[in-house]
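These notes are about the structure you will find just below.
Here it is in structure tokens:
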């Protein structure tokens, strides 16, 4: 069908050319729509059984807490949350006494699959570092679903969804993809249904270093901004051309994959995820977004967010942060332990993120460190509020909060049962459900995924 | 002009140090200090002791435990509701060699100059590097510091340092020689493990040749006890080996060969980095081939798969606690149960931050140890008891490098490195509240705490934030 339509466009173009010398005006062709989702999700919820988690400390992920609370999941959804819920016939009942139940952890910043284990050059698929602006690349086209890191994030980290981003070598790194953390043969089998795409942008040291070292622009921060602005101007022109075509028809403009992505951002369909460390640079990127007409969903690695927390609040932009990483590069030199707590206190949207295949296994502990650092300087942070950093806030910044990120009835049953207080070093996930299907059970060695890469290798199927 | 500028720069430094804490300029405290009513953990593997006392005098531990009397005249620190432990010993780090990893000029981990084994990192340690302050403020009081390799499998000689704010960081220089024998070693040697092993044996052969003594030059008589006749020197930068006769086909510089004499004679530890089971077996074989080598294994992600052999070899191990990904083809069997399984098999194990932010984040070791305690509740995993886990980041690293009688625990006679924590230090909610090194209370102010104070309140003031300090 699409092919036939394409042929029609081609014929129209040819006839237009042939009739060019005549006085008659050719009829305008109606606009052709192209697919915005050519690699659609094939993810489906795996079968689950109705399950009632009883008598646990429930943190609902959106700031609510129920001590001695129950959560009922069935048909892939959260059915009810409260106290004294009764189990439907045939439901599995799990005693949560002394344990916690939370929504699954959502890591807004991961490179699993794009920088998989083992980290050999043949797997180095995270940065299309061949031009400073590469919005045409899509992270999902690099994702290796067999990366053993996914299972570690599930079993040790309670991570149920994650955003895979292209790297930060480029000002425009390409499109991100949001995945559900289920083992799959194909990336389409992991794609979070209905999640918007993200655009990875970067400011600061990385782009200028990568291209400056090649004797190319940008080699400075001012070069970064100049290339970024010019690229957006090109995108605006492209968008005008396509908007006009799609409204009025006529000759189809040339498709440009890079510009398609940027047009998606300007149209509000694609969310900007901006790697940016320094306070001054975040302010410049915010001005730039105003100048060009888009919104920044989140700054990632925002180690100086605490200096401009007010600005972030006013602009509705989240800050995705580490608890204690510091000093590995100049733009991380001013990192402080209270960053997450101070951003939160200012009323801005705080997120704990990993950017790391090890860190993603302990985001809940990183949130614990951030709570403790905040409390030490007199910021009262409750456990139920702190869980918003791990589920509701990343879900909002990814545009999926209507589907997951809290334990509200009707939402995806992405749930973790923790064997203790989930901010503690002494706690691990006991069971993890994704869309109501049990995907990990610490007490059952069969409920532990083994990637193809690990099959037949030393340590296969071991507790990792 | 230059002199004047330097003087004014020093003046500024003096002011900064003065603000940071009045501890500059002296080392061990002559004070008697009694820390009372805290939960005391000795660091030797034993369980914590409620309502314990720790007594320090002249910078050393005098007593620690329950029912310890407070000496008359002691300065008493009340630790009610708090935990008291030995300072954390970073089992493997690059602390003090870097201020900012990503800035070449701020990093002294490795170089590509002509020397390898002779390199001594002690003079490169910068006690004012921010990671020193940040780790000190988080209860890290000592660190085993290794150089990184440049153009050889030999990285040079590492040290034991302290993190005290006294400008004098080196506790024990030239404590060990560090060599890479896994993937990194193979790469340094030209692309294969076979090349690395020949390189290693050739180097040891050259060192052995030098170590047989220096023949007197023609026409000169020299006592065998004369300093010139002793090729083994404490500091290879003061080598007396200029007369040494060597084979014609030497591959090492004279300094590098000289540095390895102490290694081949078992007077200096040879710390070997290897991860893969096969590589670990080769290290064990090396110990049989050169029985005088004092081997320490670093890394050993696949150590659990050869744990009985390792235990029989007596080679102690410094391992990364939470390595559980097949991050490389040499770590395919990595699991968080590695440390627990090796220990259960009888291997002497300590925790270090190998390939894991070793320049800056040694403070994470205590959380890693806590995670190994968590494994004890995970079916199929092998974890540690709380006491064993604390020992992994205190006394065990000290013992691995032969300094267990000096640091790493609160047993009598050890250096007075003590931390008072707000809560259980292996849990991530705890913070170090008081840090003593050699009995001297340390400043816990860092750039991080100063930045936090400056920006804690974003309400605009009469002057910009730069005036807040």
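Protein chains in written order, with the working numbering: chain G, 84 to 547; chain X, 9 to 477. Think of the CB as a built atom: it goes at the ideal place given N, C-alpha and C, for glycine as much as any other residue. On a predicted model such as this, the values are computed, not experimentally measured, just so you know.
Checklist entry - With 16 other CB atoms within 10 Å as the buried threshold, where does residue 539 of chain G fall? => result exposed
Next on the checklist: Going by the DSSP bridge assignment, what does residue 358 of chain G pair with across the sheet?
Outcome noted: G/285 and G/383
Checklist entry - Can you tell me whether residue 600 of chain G is buried or exposed, with buried defined as 16 or more other CB within 10 angstroms of its CB? => result With chain G represented from 84 up to 547, any question about residue 600 of chain G goes unanswered, as that position is not in the structure.
Next on the checklist: Per the DSSP calculation, residue 191 of chain G is bridged to which residue(s)?
Outcome noted: According to DSSP, residue 191 of chain G bridges with nothing at all.
Item to check | Alpha-carbon spacing of residue 175 of chain X relative to residue 259 of chain X, whole angstroms | outcome: 38 Å
Checklist entry - Considering only the beta carbon of each residue, do residue 550 of chain G and residue 381 of chain G sit closer than 9 Å? => result This structure does not reach residue 550 of chain G, given that chain G is present from 84 up to 547, and the question cannot be answered.
Checklist entry - Hey, residue 385 of chain G and residue 360 of chain G are a contact pair by Cβ (cut 8 Å); roughly how many whole angstroms apart? => result 7 Å
Checklist entry - Taking three-plus beta-carbon pairs below 8 Å as touching, is the region 391-408 of chain G in contact with the region 430-445 of chain G? => result yes
Checklist entry - Comparing alpha-carbon positions, which option in X/69, X/388 and X/107 lies nearest residue 420 of chain X? => result X/69
Checklist entry - Which residues in the same chain as residue 142 of chain G place their Cβ atom closer than 7 Å to its Cβ, once the five residues preceding and following it in sequence are excluded? => result 148, 183, 185, 466, 467 and 470
Next on the checklist: Using 9 Å as the threshold, is the C-beta distance between residue 354 of chain X and residue 397 of chain X below it?
Outcome noted: no
Next on the checklist: Give me, in chain order, the residues of the same chain whose beta-carbon lies closer than 6 Å to that of residue 462 of chain G; leave out the 5 immediate sequence neighbours on both sides.
Outcome noted: 424 and 428
Item to check | Per-residue DSSP class, three states only, for residue 151 of chain G | outcome: strand
Checklist entry - According to DSSP, is residue 222 of chain X helix, strand or coil? => result Reliability of the predicted coordinates at residue 222 of chain X is poor, the pLDDT of 44 falling under 50, and the value obtained from them is presented with this limitation in mind. It is coil, neither helix nor strand.
Checklist entry - Taking buried to mean at least 16 other C-beta atoms within 10 Å of its own C-beta, is residue 307 of chain G buried or exposed? => result buried
Next on the checklist: Just to confirm the assignment, what range does the alpha helix (DSSP H) spanning residue 288 of chain X have?
Outcome noted: 285-297
Checklist entry - With a Cβ-Cβ cutoff of 9 Å, do residue 94 of chain X and residue 404 of chain X count as a contact? => result no
Checklist entry - Cα separation between residue 446 of chain X and residue 279 of chain X? => result 27 Å
Next on the checklist: So residue 326 of chain X and residue 408 of chain X are supposed to be a Cβ contact under 8 Å. How far apart are they, rounded?
Outcome noted: 6 Å
Item to check | Sequence ranges, alpha helix (DSSP H) only - wholly within the region 407-477 of chain X, length at least 4 | outcome: 455-463
Checklist entry - Which one of X/122, X/320 and X/429 has the shortest CA to CA distance from residue 444 of chain X? => result X/429
Checklist entry - Between which two residues does the alpha helix (DSSP H) carrying residue 344 of chain G extend? => result 340-349
Item to check | Boundaries (first-last residue) of the beta strand (DSSP E) holding residue 58 of chain X | outcome: 57-65
Checklist entry - What do you get for residue 239 of chain X, buried or exposed, if any count of 16 or more other CB atoms within 10 angstroms of its CB means buried? => result Annotation note: pLDDT 49 at residue 239 of chain X (below 50); position unreliable, coordinate value reported separately. Classification for residue 239 of chain X: buried.
Next on the checklist: Taking only three categories from DSSP, how would you classify residue 479 of chain G?
Outcome noted: helix
Checklist entry - Beta carbon of residue 123 of chain G, beta carbon of residue 274 of chain G: below 9 Å? => result yes
Checklist entry - Is there a Cβ from chain X that is less than 9 Å from the Cβ of residue 385 of chain G? => result no
Checklist entry - Under 9 Å, do residue 179 of chain X and residue 150 of chain X count as touching if we go by C-beta distance? => result yes
Item to check | Proximity winner among G/478, G/496, G/281 and G/153, relative to residue 167 of chain G (alpha-carbon distances) | outcome: G/153
Item to check | Short Cβ contact (9 Å threshold) for residue 113 of chain X with residue 157 of chain X | outcome: no
Checklist entry - Using a C-beta to C-beta distance shorter than 7 Å, which residues of chain G count as neighbours of residue 379 of chain X? => result 508
Checklist entry - residue 87 of chain X: which of X/345, X/467, X/310 and X/431 sits nearest, CA to CA? => result X/431
Next on the checklist: Could you check whether the Cβ of residue 222 of chain X sits closer than 9 Å to any Cβ belonging to chain G?
Outcome noted: Residue placement at residue 222 of chain X is flagged as unreliable, the pLDDT there being 44, under the threshold of 50; the coordinate-derived value follows with that caveat. Taking Cβ atoms only, chain G never reaches closer than 9 Å to residue 222 of chain X, which makes this a no.
Checklist entry - Does DSSP put residue 312 of chain X in a helix, a strand or coil? => result helix
Checklist entry - Does the beta carbon of residue 420 of chain G sit closer than 9 Å to a beta carbon anywhere in chain X? => result yes
Item to check | Through-space distance from residue 110 of chain G to residue 104 of chain G, alpha-carbon basis | outcome: Note that residue 104 of chain G has pLDDT 46, beneath the 50 cutoff, so the model's placement of it is unreliable and no number is given.
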